Amino acid sequence: MQAMKGCCGLHGRHRLSDEARACLSLHSAVGGDVCVNTGIRQLTKRKKMTLQKQEHTIRQRITTLYLMVFGFIAILISTYSWQIYSLEKKLVALESFHEFFDDVLELRRYEKNLLFNVGSDNLKNIQFYLSKIEEETTRLYPDIERVAGVEKFKEFRENLASYKNKFDSSSDPAFLELNAEAIRSQGRVMVDFSSRLLTLKQGIIKKGLKFILYSFIGLTATFFLFLLLVFQMQARSVLGRLAFVQQATKDLLRGNFTPIVDNAIKSDEVSDLILGFNKMGIEIETKQEQLVQSRKLAAIGTFSSGIAHELNNPLNNISLSADALLEEYDELSAEEAKGIIDDIILQTKRASEVVKDLLDFCRDKTPTSTQLNIKSVIQATSKLLANQLRLNSVWLEDYIPDNLPPVVGDMQKLQQVFLNLFVNAIQVMPKGGLIHLDAKLEPEGYVRIDVNDTGSGIAPDKLEDIFDPFYTTKPVGQGTGLGLSIVYGIVKKHGGYIEVKSKLDVGTTFSIFLPVMTDDSRG
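One gets our numbering by counting positions in the sequence shown from 1 and adding 563 to each.
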């Protein structure tokens, strides 16, 4: 199963300045405090820049959106209240136009009765409706002018006056008979005008209803599209930055901290969150070297019996040789004495080499990147564990070729990687077993180092979590869960990645991928 491959950086985020990165890489040489102070100074500077931004909190944005919604609703209610009121007035005017049209039709009915001499009181009824039509015309003239036009209304009134004069001039039937054609013609003009007036008014009301409907739909849809756009912009601003924080948190758990630069124009709660995260990440980053150092000491404690045995043998030999030289000094020839002294020097060198290896491994020195032969790194690490391996009946088979291309890295850091893997392998093989080492050049430009053990293996559902800090499959009190997390972080900082495969009751294989040294990395 493959663990997540490391990558330097996080999409959409920026790194610290070169000064801060250099400080982070050198903090172990100066105790870490200078680096912390430099990182904090940069964060303080960013915080001041953030405070200089116009404060625009998420709460304010939500409040603004609420006010916009309520404002739109208020405007919508006001607008449509006015439109409904206007429509009501138009409907009242339409009723008046209907009444006006009915009166004209009644006038024409009595006109026909009079001309055909049908019924009685026709002239009186005609004069009554003429007076009523004149009153309606006077009362409705603003609406009539708007609907029919000023010129048409003027023609209608002139026609009405002429029509009325014919009935006022004389009630003599002979006169009406003589002017019957003109009366009919003017009557038709009034009917046509009132009918057209009614039709035009109905059309205006229909248009008004359509306008109210379409404007309501249009305004509401436009507003909600605008609201959706504003909400999307605000949500993208907040959720996008929160996604960076979420991804940065995952990377931090994997030991790959990259500070986030907040490019928001206005400061809000997420800006404070980003500042807090960056401060936390810098402090964790600067403390990690101290954690690595403590793990070294813990590892020494784990195989202390082997180290004691490694030192005890040469010291015993030195003691025995010195006693023999002291007791038999007068009886020994010069050549025999020289041989004993040479043996003492040899055993001293042997003990000195053990101490030197321990000091090189434990010393908290400035990290350096140099050209390394991976086989030499592993051999130097295995020497520290030689007695521990023998005491635990664990056999180490080294099949790493001598001709592998060099890598660029820190000797001490890479020793820590393989030491943690070897110690873990020893712990999962309490009754003894085999650690098989192999390496080869991968086509992608990586040197692959496989560390295989014949231990109990790791359950498939736990493989995803083994590189998480403080995660351990060991019983309580037998592990901190930091070893593999440190391994993961060191390998990623060297530009590589790590994979793990395991099968229960068969064993586990950790594959370390380190980039081959190139001309750029050499420079």
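The beta carbon of each residue, even a glycine, is placed where N, CA and C say it ideally should be. None of these values were measured; they are calculated from a predicted model.
Unbroken beta strand (DSSP E) run spanning residue 997, endpoints: 996-1004
Within 9 Å, strictly: CB atoms of residue 995 and residue 1077: no
Alpha-carbon to alpha-carbon, residue 1059 and residue 615: Legend: pLDDT at residue 615 = 47, less than 50; position of this residue unreliable, no value from coordinates given.
Which listed residue (701, 752 and 884) has its alpha carbon closest to that of residue 726: The closest CA to that of residue 726, considering only 701, 752 and 884, is found on 752.
Residue 673 - DSSP class collapsed to helix/strand/coil: helix
The stretch 785-799 in contact with the stretch 626-641 per 3-pair CB rule at 8 Å: yes
Under the three-state DSSP convention, the category residue 1030 falls into: coil
C-beta atoms of residue 888 and residue 895 nearer than 9 Å: yes
Reference residue 833; option with closest CA among 801, 892, 943 and 680: Out of 801, 892, 943 and 680, 801 has the C-alpha closest to the C-alpha of residue 833.
Which of helix, strand or coil DSSP assigns to residue 1023: The three-state secondary structure of residue 1023, taken from DSSP, is helix.
Same chain, Cβ closer than 7 Å to residue 648, five either side skipped, listed in chain order: Non-local C-beta neighbours of residue 648 in its own chain, meaning closer than 7 Å and more than five positions away in sequence, are absent.
Buried or exposed by the 16-neighbour rule on C-beta atoms within 10 Å, applied to residue 772: exposed
Chain-order list of residues whose beta-carbon lies under 8 Å from that of residue 760 (same chain, five-residue window excluded): For residue 760, same chain residues with a beta-carbon under 8 Å away, outside a window of 5 residues either side, are 660, 663, 664, 707, 710 and 711 in chain order.
Completely contained alpha helix (DSSP H) runs for the stretch 944-979, where each covers 4 or more residues: 949-954
First and last residue of the uninterrupted beta strand (DSSP E) at residue 933: 933-935 is the extent of the beta strand (DSSP E) around residue 933.
Cβ-based burial, residue 1047 [other Cβ within 10 Å; buried from 16]: So residue 1047 counts as buried.
Meets three-Cβ-pair contact criterion under 8 Å: the stretch 1048-1055 and the stretch 988-1006: The stretch 1048-1055 and the stretch 988-1006 do not touch, with fewer than 3 CB-CB distances between them shorter than 8 Å.
The alpha helix (DSSP H) enclosing residue 689, as first and last residue numbers: That run of the alpha helix (DSSP H) goes 685-711.
Run of the beta strand (DSSP E) containing residue 1015, from where it starts to where it stops: 1009-1016
The stretch 1018-1027 touching the stretch 1065-1080, judged by at least three CB pairs closer than 8 Å: yes
Paired residues, beta bridge with residue 769 - DSSP: Bridge pairing for residue 769: absent [DSSP].
In DSSP terms, what residue 1060 is bridged to: 1076
For residue 1065: DSSP bridge partner residues: 1071
Three-way DSSP call (helix, strand, coil) for residue 896 in this model: coil
Cβ pair residue 783, residue 677 closer than 9 Å: Their beta carbons are not under 9 Å apart, which means residue 783 does not touch residue 677 by this criterion.
Cβ neighbour criterion (16 or more within 10 Å) applied to residue 841: Note on residue 841: 16 or more other CB atoms within 10 angstroms of its CB, so buried under the neighbour-count rule.
Beta carbon of residue 986 nearer than 9 Å to that of residue 1026: Not a contact, by the Cβ cut-off of 9 Å.
Rounded separation between residue 780 and residue 768 - CA only: 18 Å
Three-state secondary structure (DSSP) of residue 911: helix
Inter-residue spacing [alpha-carbon to alpha-carbon] between residue 1079 and residue 1072: 21 Å
Coarse secondary structure for residue 823, derived from DSSP in three states: coil
DSSP three-state assignment for residue 620, whether helix, strand or coil: Of the three classes helix, strand and coil, the one that applies to residue 620 here is coil, per DSSP.
Pick from 980, 1010 and 764 that is closest to residue 1088, judged by C-alpha positions: Residue 1088 lies beyond the range of the chain shown here (564 to 1086); nothing can be said about it.
DSSP three-state assignment for residue 1103, whether helix, strand or coil: There is simply no residue 1103 to check, as the chain begins at 564 and stops at 1086 in what is shown.
For residue 983, the three-state DSSP class (helix, strand or coil): In the three-state reduction of the DSSP assignment, residue 983 falls in the helix class.
Spatial distance of residue 998 from residue 1015 (CA atoms): 6 Å
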